[in-house]
Amino acid sequence: MGVLTKLFSSLMATSRRKSPWIYTINSGSCNGCDIEIGPCISPRYDAEQIGMLRHASPKHADILVVTGAVSKRIKPALLDIYSQMPSPKAVVAVGSCPASCNVFAGSPVLDGPLDKFIPVDIWVPGCPPRPQLIIDGIAKAAQMLADGQTADQLGKKVAAE
Amino acid sequence: MTEILSLIVGFLIWPGLIVAAALGFFYMWLMRKLTARMQGRKGPPFYQPFFDFVKLVGKRSLVPRDSSRVLFFLLPFISLTSTVFGLMILPLPGSAAPSFSGDLVLLLYLMEMPVLCDVLAGFVSRSIYGQVSAMREAVMSLAYSVPLLASVIALAQAADTFRLAELHTAPFGLVTVIAFIAFAMAIPARLKSNPFSIPNAEHEIGHGAHMEYNGLPLAVFELSHALELMLLIGTLYVLFLPGTGHVATDALVYLAAGFAVVALVVFAKVSTARFTVKSALRFYWLWGGLAAGAAMVVAIVS
Numbered sequence: 001m002g003v004l005t006k007l008f009s010s011l012m013a014t015s016r017r018k019s020p021w022i023y024t025i026n027s028g029s030c031n032g033c034d035i036e037i038g039p040c041i042s043p044r045y046d047a048e049q050i051g052m053l054r055h056a057s058p059k060h061a062d063i064l065v066v067t068g069a070v071s072k073r074i075k076p077a078l079l080d081i082y083s084q085m086p087s088p089k090a091v092v093a094v095g096s097c098p099a100s101c102n103v104f105a106g107s108p109v110l111d112g113p114l115d116k117f118i119p120v121d122i123w124v125p126g127c128p129p130r131p132q133l134i135i136d137g138i139a140k141a142a143q144m145l146a147d148g149q150t151a152d153q154l155g156k157k158v159a160a161e
Numbered sequence: 162m163t164e165i166l167s168l169i170v171g172f173l174i175w176p177g178l179i180v181a182a183a184l185g186f187f188y189m190w191l192m193r194k195l196t197a198r199m200q201g202r203k204g205p206p207f208y209q210p211f212f213d214f215v216k217l218v219g220k221r222s223l224v225p226r227d228s229s230r231v232l233f234f235l236l237p238f239i240s241l242t243s244t245v246f247g248l249m250i251l252p253l254p255g256s257a258a259p260s261f262s263g264d265l266v267l268l269l270y271l272m273e274m275p276v277l278c279d280v281l282a283g284f285v286s287r288s289i290y291g292q293v294s295a296m297r298e299a300v301m302s303l304a305y306s307v308p309l310l311a312s313v314i315a316l317a318q319a320a321d322t323f324r325l326a327e328l329h330t331a332p333f334g335l336v337t338v339i340a341f342i343a344f345a346m347a348i349p350a351r352l353k354s355n356p357f358s359i360p361n362a363e364h365e366i367g368h369g370a371h372m373e374y375n376g377l378p379l380a381v382f383e384l385s386h387a388l389e390l391m392l393l394i395g396t397l398y399v400l401f402l403p404g405t406g407h408v409a410t411d412a413l414v415y416l417a418a419g420f421a422v423v424a425l426v427v428f429a430k431v432s433t434a435r436f437t438v439k440s441a442l443r444f445y446w447l448w449g450g451l452a453a454g455a456a457m458v459v460a461i462v463s
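So the sequences go chain by chain: A and B. Read in order, the letters of the first sequence correspond to residues 1 to 161 in the numbering used here. Read in order, the letters of the second sequence correspond to residues 162 to 463 in the numbering used here.
Here you go:
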């Protein structure tokens, strides 16, 4: 019995590592990072080799890819989409904006940075980051899902505002 | 007792669930790989559909607040079970299929079940995308059923039988060729692949009827879709390809039919854009209708 459970959990870990489905949301980004996410599934970078697919529904996704410094208008939608994703899930923040609000810091229309609202697992730095780096971030997030190390799996919540 | 045992083996192992799932996942991978190669990409490794399935099984399931919990979980399983039953009654090479008069009619009903489940799933999920997709799928079903059903009825009329095993050994003729053209027309629409990917049009209505599905129910729907492909290939093999009288050569013909269907479907998928519902309907009712009518006339005259 113990062997079976072990086999099953190792199979599950491998599956989670090899099948990262992503959902992207632009939370007030300048579109620079979104343009760099597109090429990830293009012939040049072809992230489908590691099993990555871009899905149109957050309910299908394992990894939420967020770009942009969270604006006040997008914040409810962002939280809604995050809560619609079934566990286990990971969050990858792409670009400098979700981390620090970048050049928009201090703007009255922003509520960022991102980790005030949802727990972030992987930060991908750059303004904008290259597609290789974004794919690397997604692969690392998938590895965290397999290891059970994401904030969602560990039950970590962000501190209330 | 041995009869019951052979039925259980037929349902669970071959041509039922386990072998068909493995082969179906393999064909699914082949579709993705061929698509990727034709687009100048490398494509996923061959175990990809299997790992996608296991991962989805291991996720938590969320049910939309307004939808019926029972139906939400039941529909994918109904779809899967009816597809497996459909595979079970097909006289594929090496299978101990229970042959009885009228199993062709049963097969046609079982083939319609996954479509019906998709339509209901679209409405049950209470998503606007799901509802649009459900309506489109119902309309498409009306469209491609014309050549699909007419080709099968013409064959049955020509061979004067509703028994699959007898249809498999029926002699070739003009009616087989025309019925094959009509049947082949319906395949891309039945698989919801381009140019007839109207019900699950990505970039338009997301993932269509499965928009709100997640976790285990979505995994079962994916498996059911892979088995639908197997069912279609199996039906094509039984109705249009000759039995050679030997299991090994039969199996080779069956596999070759599968590869050919996958290659042609992918070729059509990659090289075309999507039709609108109206033009797809016109295509099937005009050209599909002509092929259907020709098959019926040939079947009755000859």
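In this text, a Cβ means the ideal position worked out from N, Cα and C, and glycines have one as well. These figures come from a predicted structure and were not determined experimentally.
Ranked by Cα distance from Tyr-415(B), the options Met-457(B), Phe-172(B) and Leu-184(B) are led by Leu-184(B). Within the same chain, and ignoring the five residues on either side of Lys-140(A) in sequence, the residues whose Cβ sits closer than 6 Å to its Cβ are Ile-122.
Within the model, the alpha-carbon separation for Ile-394(B) versus His-60(A) is close to 28 Å. Looking at the backbone, the Cα of Ala-197(B) and that of Leu-64(A) are separated by about 24 Å. Contact fails between the stretch 349-368 of chain B and the stretch 147-161 of chain A, because fewer than three Cβ pairs, one in each stretch, are under 8 Å apart. Per the C-alpha coordinates, the member of Ile-25(A), Met-52(A) and Ala-56(A) positioned closest to Asp-136(A) is Met-52(A).
CA-to-CA, the gap between Ala-319(B) and Ile-165(B) works out to about 33 Å. Put simply, the backbone Cα of Val-218(B) is about 6 Å away from that of Gly-376(B). Contact annotation for Leu-425(B) against chain A: no contact, minimum CB-CB distance about 22 Å [criterion: below 9 Å]. Distance from the CA of His-371(B) to the CA of Arg-230(B), rounded to the nearest whole angstrom, comes to 15 Å. Using a CB distance below 9 Å, the part of the stretch 366-389 of chain B facing chain A consists of Ile-366, Gly-367, His-368, His-371, Met-372, Glu-373, Tyr-374, Asn-375, Gly-376 and Leu-379, ordered along the chain.
Judged by DSSP in its simplified three-state form, Val-120(A) adopts coil rather than helix or strand. For Ile-25(A), the uninterrupted beta strand (DSSP E) segment begins and ends at 21-26. Nearest neighbour of Ile-35(A) by Cα position, chosen from Gly-155(A), Lys-157(A) and Pro-129(A), turns out to be Pro-129(A). If you draw a 10 Å sphere on the C-beta of Gln-209(B), you find 16 or more other C-beta atoms in it, and that means buried. Counting only residues of its own chain and dropping the five nearest sequence neighbours on each side, Asn-102(A) has a CB closer than 8 Å to the CB of Ala-69, Gly-95, Ser-96 and Cys-127. The shortest CA-to-CA distance from Gly-32(A) to any of Leu-114(A), Leu-79(A) and Thr-67(A) is the one to Thr-67(A). Around the beta carbon of Ala-409(B), fewer than 16 other beta carbons lie within 10 angstroms, which makes this residue exposed. At a cut-off of 8 Å between beta carbons, Gly-126(A) makes no contact with chain B. Excluding sequence positions up to five before and after Ser-83(A), its CB lies less than 8 Å from no other CB in the same chain. When Cβ pairs closer than 8 Å are counted between the two stretches, the stretch 40-52 of chain A is seen to touch the stretch 12-20 of chain A, the count reaching three or more. Across the structure, Leu-316(B) and Phe-233(B) are spaced so that their CA atoms are roughly 38 Å apart. In this structure, the straight-line span from the alpha carbon of Met-249(B) to that of Thr-24(A) is close to 42 Å. Contiguous alpha helix (DSSP H) elements confined to the stretch 385-450 of chain B occur at 408-432 and 438-444, taking only those with 4 or more residues. Scanning chain A for C-beta atoms nearer than 7 Å to the C-beta of Asp-213(B) yields Ser-19, reported in chain order. Note that the stretch 440-449 of chain B touches the stretch 301-317 of chain B; at least 3 beta-carbon pairs, one per stretch, sit closer than 8 Å. A residue is called buried when at least 16 other Cβ atoms come within 10 angstroms of its Cβ; Lys-157(A) does not meet this threshold and is exposed. For Leu-195(B), the uninterrupted alpha helix (DSSP H) run begins and ends at 178-199, by DSSP. In this structure, Phe-187(B) lies away from Leu-178(B), with their beta-carbon atoms at least 8 Å apart. Residues of chain A whose Cβ lies closer than 8 Å to the Cβ of Ala-197(B) are, in chain order, Asp-46 and Glu-48. Along the stretch 46-72 of chain A, going in chain order, the ones with a CB nearer than 8 Å to a CB of chain B are Asp-46, Glu-48, Gln-49, Gly-51, His-55, Ala-56, Ser-57, Lys-59, His-60 and Asp-62. Under the three-state reduction of DSSP, Ala-93(A) is assigned to strand.
Chain-order list of chain B residues neighbouring Leu-11(A): Val-215, by C-beta distance under 8 Å. For Ser-262(B), the secondary structure class from DSSP, reduced to helix, strand or coil, is coil. When Cβ-Cβ separations below 8 Å define contact, Pro-205(B) makes contact with chain A. A straight line joining the alpha-carbon of Phe-344(B) with that of Val-338(B) spans about 10 Å.
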